[in-house]
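Take the sequence shown: its position 5, counted from the start at 1, is 5 in full-length UniProt numbering, and no numbers get skipped. To start, the structure under review is shown below, and the notes come after it.
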Amino acid sequence: MVPQQFNDAPQPRTLLTIEQFRQQLQFRKPVRGKAWIDVQDFSNEEITQKWELDDALKHMDNSRYGPVNFLNIRTLRDNVVPWELEGLADYRVLQEASDRAGVAKDNRQGLNFPDSFALWGKQGTWSFPHVDKHGLYTAVLCEQGEKLWFSWSLDDKELENWAKDRERGEKYEPSQAGFPVLMRNGDLLIQPPGTVHAPASVTNVIMTGYFFWSSRTMNTTARCALLDLEHPNITNEDVQPELGGRLKHLAHASKLRLQPYNWGEEDLEEFQRLEQVSSAQQPSLSYSINLLLVGS
Numbered sequence: 001m002v003p004q005q006f007n008d009a010p011q012p013r014t015l016l017t018i019e020q021f022r023q024q025l026q027f028r029k030p031v032r033g034k035a036w037i038d039v040q041d042f043s044n045e046e047i048t049q050k051w052e053l054d055d056a057l058k059h060m061d062n063s064r065y066g067p068v069n070f071l072n073i074r075t076l077r078d079n080v081v082p083w084e085l086e087g088l089a090d091y092r093v094l095q096e097a098s099d100r101a102g103v104a105k106d107n108r109q110g111l112n113f114p115d116s117f118a119l120w121g122k123q124g125t126w127s128f129p130h131v132d133k134h135g136l137y138t139a140v141l142c143e144q145g146e147k148l149w150f151s152w153s154l155d156d157k158e159l160e161n162w163a164k165d166r167e168r169g170e171k172y173e174p175s176q177a178g179f180p181v182l183m184r185n186g187d188l189l190i191q192p193p194g195t196v197h198a199p200a201s202v203t204n205v206i207m208t209g210y211f212f213w214s215s216r217t218m219n220t221t222a223r224c225a226l227l228d229l230e231h232p233n234i235t236n237e238d239v240q241p242e243l244g245g246r247l248k249h250l251a252h253a254s255k256l257r258l259q260p261y262n263w264g265e266e267d268l269e270e271f272q273r274l275e276q277v278s279s280a281q282q283p284s285l286s287y288s289i290n291l292l293l294v295g296s
């Protein structure tokens, strides 16, 4: 984590406020008709539903109403890439890899679009322990408020055992001890792939996030992606249909060690076994991806 007081950026981060979030959401309302927002309602079994924006804002403002999360908000920032990652090509492979010809002006779809998000949580909101989908790194900036980011650092075997426990419905949290990270205004957290975490809103809080892969750790990413495809209940996000094509692109690129990327010290031969990709292999998920490890 990079606490605000230790941030040595060339220019201080300009942080957004809850009032700016409110104003921007209201600005995005259409001239005619209603605006809708995804709301996670903790008084209704945490079910995520679409609420009319004005009603959602009234609920957020009234302390007598229970906690809610506003999800899937289009980010207010022009540039969501933290300055710590700017100009580092290795952390752009998610945006550059393509499951088809990828030199067009706009290749932003599916897995790499959106690669950013914004959240607005009311005091008292929380999440069950989960991992972010598909072996993604997550960079999350606390704009205003306080967030308790409880995490578990697990090795591959511990992560797999936890995933199996979740699938059997035996327990939500890993058996190993976790650790809390308290985030305040301006704090930046960069979370590695496969990190089990359970954030909670200590106060009303707004966050901006950014997803990415790194060419140096694609083997780790592929293993984590395969795990959440085999155990979909360990993540709270849907499978992206083009995941396999992008992994295939990067397996090919890593075999040739294509520049300008650094392919790291991981076992690339293991990653390069990800050569065949097929969709709809799991009957329960019509758009699921099944990764076949050739030779394993």
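Glycine is no exception: its CB is placed at the ideal position from the N, C-alpha and C atoms.
Query, Result
"DSSP three-state assignment for N236, whether helix, strand or coil", "coil"
"Exposure label - A177; buried when at least 16 CB within 10 Å", "exposed"
"Given 8 Å, three or more beta-carbon pairs between the stretch 121-140 and the stretch 192-208", "yes"
"Cβ-Cβ distance between L141 and L76 below 8 Å", "no"
"Whole-angstrom C-beta distance between Y261 and I190, which should lie under 8 Å", "Between Y261 and I190 the Cβ distance is about 19 Å, and since that is not below 8 Å, they are no contact."
"Contained beta strand (DSSP E) runs [length at least 3] in the stretch 164-231, N- to C-terminal order", "179-183, 188-191, 196-201, 205-212"
"Neighbourhood of G121 by C-beta distance below 6 Å, restricted to the same chain and skipping five residues each side", "N69, S201, V205"
"Alpha helix (DSSP H) runs wholly inside the stretch 15-90, at least 4 long, in chain order", "18-27, 53-61"
"Three-state secondary structure assigned by DSSP to G244", "helix"
"Beta-bridge partners of residue 297, as assigned by DSSP", "Nothing can be reported for residue 297: it is not among the residues displayed for the chain, which extend from 1 to 296."
"One or two residues paired with W126 in a DSSP bridge", "A200"
"A9, DSSP secondary structure in three states", "coil"
"Reduced DSSP secondary structure (H/G/I, E/B, other) of Q259", "coil"
"Coil, strand or helix - E269 by DSSP", "helix"
"Where the alpha helix (DSSP H) through V93 begins and ends", "93-96"
"Given F6 as reference, the closest of A222, T217, R184 once Cα atoms are compared", "R184"
"Where S254 sits in the DSSP three-state scheme", "helix"
"Burial state of Y210 (16 or more Cβ within 10 Å)", "buried"
"First and last residue of the uninterrupted beta strand (DSSP E) at K147", "147-152"
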